């Protein structure tokens, strides 16, 4: 055997013992540098243009954006999933079209004389007796449902709970309300009412009639701007405990009870003084209820692209952003959502192009990568929830979700010191993910990593407000990148000319380096934390 042949054979034998990662990983820097501000701007100038009319979920213009993103994936060498770049998200638009109650010949219209904490369909002009239950509380000295015959009826009760002369809540004896007095205390009252067999709940607003009227008018303004329609999953069955919870003024309640507003409020005060339930002389009139709902299908999709890995291809790294926005306001103004979340959308497109370029040059990642721009985020994280419930790849094989949502502007806190990013969630499920973030940022980018919104006591609750959360709910480690809110958040002023493309570039490169490391490491990220 010739010496050269022995040398070649030696190389071949040695190669058998070299980990796949040595071939797959390579140098990520050239591919990260392909994520450039000018390319991001080119894509965003189209995605956030007036011609797309704010990319409202299910609109024809959103479908144009979806096709644009899919075409970009295809040009980058990123494959479809099961033959398609689109995952249909089966949504419907539901609208409350005819909502009112009537009693004693008077009609109380929705968003005119009443509001609602919850609505549920009720056949037109259905008749119900009404029973009065004080505060509708079953705790301590308040036994409002004892001996109350509520079966098949509507329960009428005061909103909130009793306070004493010092302003302390009677049930807790402090300035902190019980479960009945909190913002969602009506849910506890509804539970008690339904346990007694009630068909619905009518609450008497805990504010004077003038203030209640102002609240109704504010709700009217919101409804005019954002519309009456609400999106939901088409296959979501109505909850078995679904029931209307309506809110009326004390003046309207007095009319139902055949008394005066002054007498009704005096009775309410007596409940606080007595610190227990007190029998009333009021007798509520029966009511007729109509709550009608329309439903129409929504044509909308998650846009997905797939890059198959090598030796660990069954494991999936997911990169997400949402490409929908809120569309056109009632006054005709277009909300283009350049930052929310056009910035994240074009980042995912550029990440796909960078990884596609690496794969074309023989640097395919060990783990597979799913690039996904989701729909319906503005309607309640619906696109990502649909994916989590109908995954294209098993969730048990999903290693991480890196989510970018609003990364192209600066908030007031960072004016004059722009090299920062808020990161939320990286330590909540995996101690290693935070380590990867810090290491890759220090090695390649050098942004200030601001973790303030990762605090479980953050009143903004940003951790729960973008698409990564639907992965975290299933125990999948997540990292959410975000620059903070700005004055024209969800307003027509969120335009391309305000975007800091160098900032998107830095964040995009950081996400690339993290994804590269996670996709090519020997062991998948551990799930070893359970932080709130």
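Numbering (mature numbering (1 follows the signal peptide of the UniProt record, and there is no 0)), first residue to last: -24 to -1, 1 to 508. For each residue, glycine too, the CB sits at the ideal point set by N, CA and C. Remember, it's a predicted structure, so these values are computed and weren't measured experimentally.
Check: For the 8 Å Cβ check, are there 3 or more pairs between the stretch 124 to 135 and the stretch 173 to 181?
Finding: yes
Check: Which one of 476, 285 and 309 has the shortest CA to CA distance from residue 344?
Finding: The residue you call residue 344 lines up with position 368 of the chain shown. For the residues 476, 285 and 309, the minimum Cα distance to residue 344 belongs to 285.
Notebook entry, point to check: residue 210 and residue 68 look like a contact to me (Cβ under 8 Å); what is the Cβ gap, rounded to whole Å?
Noted result: Here residue 210 refers to the residue found at position 234 when the chain shown is read from its first residue. Here residue 68 refers to the residue found at position 92 when the chain shown is read from its first residue. Between residue 68 and residue 210 the Cβ distance is about 5 Å, and since that is below 8 Å, they are a contact.
Margin query: Measuring only the C-alpha atoms, how far is residue 240 from residue 254?
Written below: Walking along the chain shown from the start, residue 240 turns up at place 264. Walking along the chain shown from the start, residue 254 turns up at place 278. The alpha-carbon atoms of residue 240 and residue 254 are separated by roughly 13 Å.
Notebook entry, point to check: Any idea if residue 487 is buried or exposed, counting beta-carbon neighbours within 10 angstroms, 16 or more meaning buried?
Noted result: Stepping through the chain shown from its first residue, residue 487 is reached at position 511. Buried.
Next item on the list: Return the first residue and the last residue of the beta strand (DSSP E) that residue 6 is part of.
Entry: For the purposes of this step, residue 6 is identified with residue 30 of the chain shown, where counting begins at 1. From DSSP, residue 6 is part of no beta strand (DSSP E) but of the alpha helix (DSSP H) over 5 to 8.
Next item on the list: Could you tell me the distance, in whole angstroms, from the CA atom of residue 257 to the CA atom of residue 235?
Entry: Taking the chain shown and counting its residues from 1, one reaches residue 257 at position 281. Taking the chain shown and counting its residues from 1, one reaches residue 235 at position 259. Computed Cα separation, rounded: 10 Å.
Next item on the list: Could you give the DSSP three-state label for residue 268: helix, strand or coil?
Entry: Along the chain shown, one-based indexing puts residue 268 at 292. Three-state result, residue 268: strand.
Margin query: Between residue 390 and the ligand ATP, is there a pair consisting of the residue's CB and a ligand heavy atom that are separated by less than 8 Å?
Written below: Among the components of this structure there are no ligands whatsoever, and the ligand ATP is therefore not found.
Check: Touching or not, the stretch 391 to 406 and the stretch 493 to 505, by the rule of three or more beta carbon pairs under 8 Å?
Finding: yes
Checklist line | At least 3 beta-carbon pairs within less than 8 Å: the stretch 384 to 403 vs the stretch 95 to 111 | finding: no
Next item on the list: Decide if residue 64 is buried, meaning its Cβ has at least 16 other Cβ atoms within 10 Å, or exposed.
Entry: By one-based count along the chain shown, residue 64 stands at place 88. Label assigned to residue 64: exposed.
Item checked: Closest residue to residue 99 among 115, 205, 247 and 266 (Cα-Cα distance) -> As a working note, residue 99 is residue 123 in the chain shown. The residue with the shortest Cα to Cα distance from residue 99 is 266.
Next item on the list: Would you kindly work out how many angstroms separate the C-alpha atoms of residue 383 and residue 229, rounded to a whole number?
Entry: What you label residue 383 is simply residue 407 of the chain shown in a count that begins at 1. What you label residue 229 is simply residue 253 of the chain shown in a count that begins at 1. Roughly 49 Å separates the two Cα atoms.
Check: Which of helix, strand or coil does DSSP assign to residue 273?
Finding: Working through the chain shown from its first residue, we reach residue 273 at position 297. Looking at residue 273 - three-state DSSP - the assignment turns out to be strand.
Next item on the list: Tell me whether residue 150 is buried or exposed, calling it buried when 16 or more other Cβ atoms sit within 10 Å of its Cβ.
Entry: Your numbering for residue 150 matches position 174 in the chain shown. Answer is exposed; the Cβ neighbour count stays below 16.
Notebook entry, point to check: Roughly how many angstroms separate the alpha carbons of residue 14 and residue 473, rounded to a whole number?
Noted result: Stepping through the chain shown from its first residue, residue 14 is reached at position 38. Stepping through the chain shown from its first residue, residue 473 is reached at position 497. Taking the straight line from one Cα to the other gives about 13 Å.
Notebook entry, point to check: Just checking my contact of residue 309 with residue 453 at CB under 8 Å: how many whole Å lie between their CB atoms?
Noted result: Numbered from 1 along the chain shown, position 333 holds the residue referred to as residue 309. Numbered from 1 along the chain shown, position 477 holds the residue referred to as residue 453. So it is not a contact: roughly 39 Å between Cβ atoms.
Item checked: 6 Å Cβ shell around residue 359 - same chain, five flanking residues per side excluded -> In the chain shown, the residue the question calls residue 359 occupies position 383. Closer than 6 Å at Cβ, skipping near neighbours: 65, 278, 350, 351 and 352.
Next item on the list: Could you tell me how far apart the beta carbons of residue 400 and residue 458 are, in whole angstroms, since I believe they sit closer than 8 Å?
Entry: Counting from 1 along the chain shown, the entry for residue 400 is found at position 424. Counting from 1 along the chain shown, the entry for residue 458 is found at position 482. About 6 Å; that satisfies the 8 Å criterion.
Margin query: Across the stretch 53 to 64 and the stretch 303 to 323, are there enough close Cβ pairs to call them in contact, namely three or more that are closer than 8 Å?
Written below: no
Checklist line | Where residue 497 sits in the DSSP three-state scheme | finding: In the chain shown, residue 497 corresponds to position 521, counting from 1. Coil at residue 497, not helix or strand.
Next item on the list: Can you grab the Cα-Cα spacing for the pair residue 368 / residue 76, in whole Å?
Entry: By 1-based counting over the chain shown, the position of residue 368 is 392. By 1-based counting over the chain shown, the position of residue 76 is 100. Each residue's Cα considered, the two are about 43 Å apart.
Note to self: Comparing C-alpha positions only, which one of 226, 155 and 222 sits nearest to residue 185?
What the structure shows: In the chain shown, the residue the question calls residue 185 occupies position 209. Comparing Cα positions, the closest option is 226.
Next item on the list: Work out the CA separation of residue 17 and residue 470 for me, nearest whole Å.
Entry: Along the chain shown, one-based indexing puts residue 470 at 494. Along the chain shown, one-based indexing puts residue 17 at 41. Roughly 15 Å separates the two Cα atoms.
Margin query: According to DSSP, residue 74 sits in a beta bridge with which residue or residues?
Written below: Along the chain shown, read from residue 1 onward, the residue named residue 74 stands at position 98. Looking at the DSSP assignment, residue 74 forms a beta bridge with 268.
Checklist line | C-alpha distance - residue 219 paired with residue 300, whole-angstrom precision | finding: The count along the chain shown starts at 1 and reaches residue 219 at position 243. The count along the chain shown starts at 1 and reaches residue 300 at position 324. Each residue's Cα considered, the two are about 31 Å apart.
Note to self: Rounded to whole angstroms, what is the Cα-Cα separation between residue 179 and residue 92?
What the structure shows: Within the chain shown, the letter at position 203 stands for residue 179. Within the chain shown, the letter at position 116 stands for residue 92. Cα to Cα, residue 179 sits roughly 9 Å from residue 92.
Check: Going by the CB atoms, is the gap between residue 290 and residue 373 shorter than 9 Å?
Finding: The residue you call residue 373 lines up with position 397 of the chain shown. The residue you call residue 290 lines up with position 314 of the chain shown. Closer than 9 Å, so yes.
Item checked: Candidates 6, 435, 497 and 58, of which the one nearest residue 288 by Cα -> Reading the chain shown from its first residue, position 312 is the one you call residue 288. The shortest Cα separation from residue 288 among 6, 435, 497 and 58 belongs to 497.
Item checked: Secondary structure of residue 372, DSSP reduced to three states -> Translated into positions along the chain shown, residue 372 becomes position 396. Note: residue 372 maps to helix in three-state DSSP.
Check: Helix or strand or just coil, what does DSSP make of residue 63?
Finding: The count along the chain shown starts at 1 and reaches residue 63 at position 87. Of the three classes helix, strand and coil, the one that applies to residue 63 here is strand, per DSSP.
Next item on the list: Tell me where the alpha helix (DSSP H) around residue 219 begins and ends.
Entry: Position 243 of the chain shown, counted from the first residue, corresponds to residue 219. Looking at the DSSP string, residue 219 is not in any alpha helix (DSSP H), and its letter there is neither H nor E.
Notebook entry, point to check: Ends of the alpha helix (DSSP H) at residue 360?
Noted result: Locating residue 360 in the chain shown gives position 384, where the first residue counts as 1. 358 to 365 is the span of the alpha helix (DSSP H), which, as asked, contains residue 360.
Next item on the list: Please name the residue, chosen from 329, 294 and 95, that lies closest to residue 10 on a Cα-to-Cα basis.
Entry: Numbered from 1 along the chain shown, position 34 holds the residue referred to as residue 10. For the residues 329, 294 and 95, the minimum Cα distance to residue 10 belongs to 329.
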